[in-house]
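Enquirer: According to my numbering, the sequence shown holds residues 943 to 1028 in order.
We treat Cβ as the ideally placed atom computed from N, Cα and C, and that holds for glycine.
Okay, handing you the structure first.
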Amino acid sequence: MRLPVPNDSLNLLYQTATGDTGGSQVARAFLFWLGGLPNPTGFFGEGGLELRRFDPRHINAAVEVFTWWISGVERDDPLFDILDRL
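In structure tokens, the structure reads:
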């Protein structure tokens, strides 16, 4: 079953990823990992363990985006548009 694009969650992770914090580092790593692309910052963390650095709001957003992504998306533009902007 394909799920609708979780725009609010994608936008939260994008806004976070544009910052300069530990959470920003995790958001970038997660989004680029999801798209199968190397993190352009060169950050190589501890994989999924990095998600533990998120607060509950960001964890929920990441889970929602991940669930959408693995559901068989019709268009991958929403994710790759964000990655292009990062």
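Taking 6 Å as the limit between beta carbons, can you name the residues of its chain near Gly-987, skipping five residues before and five after?
Expert: The count along the sequence shown starts at 1 and reaches residue 987 at position 45. The answer, listed in chain order, is Ala-971.
Enquirer: Helix, strand or coil: which one does DSSP assign to Gly-978?
Expert: Position 36 of the sequence shown, counted from the first residue, corresponds to residue 978. Residue state, collapsed to three classes: coil.
Enquirer: For Val-1007 and Leu-945, which I take to be in contact (beta-carbon distance under 8 Å), what is that distance rounded to the nearest angstrom?
Expert: In the sequence shown, residue 1007 corresponds to position 65, counting from 1. In the sequence shown, residue 945 corresponds to position 3, counting from 1. Not confirmed; about 10 Å, so no contact.
Enquirer: Check Ser-966 in the structure and name its three-state DSSP category.
Expert: The residue labelled residue 966 in the question sits at position 24 within the sequence shown. Correct three-state label for Ser-966: helix.
Enquirer: Can you tell me the Cβ-Cβ gap for Val-947 and Pro-1020, rounded? I've got them flagged as a contact below 8 Å.
Expert: Position 5 of the sequence shown, counting from 1, holds the residue named residue 947. Position 78 of the sequence shown, counting from 1, holds the residue named residue 1020. So it is a contact: roughly 5 Å between Cβ atoms.
Enquirer: Given a threshold of 16 other Cβ atoms within 10 Å of its Cβ, counted over all protein chains shown, does Gln-957 qualify as buried or as exposed?
Expert: Counting from one through the sequence shown, the residue named residue 957 turns up at place 15. With fewer than 16 Cβ atoms within 10 Å of its Cβ, Gln-957 is classed as exposed.
Enquirer: Do Phe-985 and Leu-1025 count as a contact pair if the criterion is CB distance below 8 Å?
Expert: As a first step, residue 1025 is located in the sequence shown; it is residue number 83 there, counting from the start. As a first step, residue 985 is located in the sequence shown; it is residue number 43 there, counting from the start. In this structure, Phe-985 does not lie closer than 8 Å to Leu-1025 by Cβ.
Enquirer: Can you check which of these residues, Val-1015, Met-943 and Gly-965, is closest to Ile-1001 by C-alpha distance?
Expert: Counting from 1 along the sequence shown, the entry for residue 1001 is found at position 59. For the residues Val-1015, Met-943 and Gly-965, the minimum Cα distance to Ile-1001 belongs to Gly-965.
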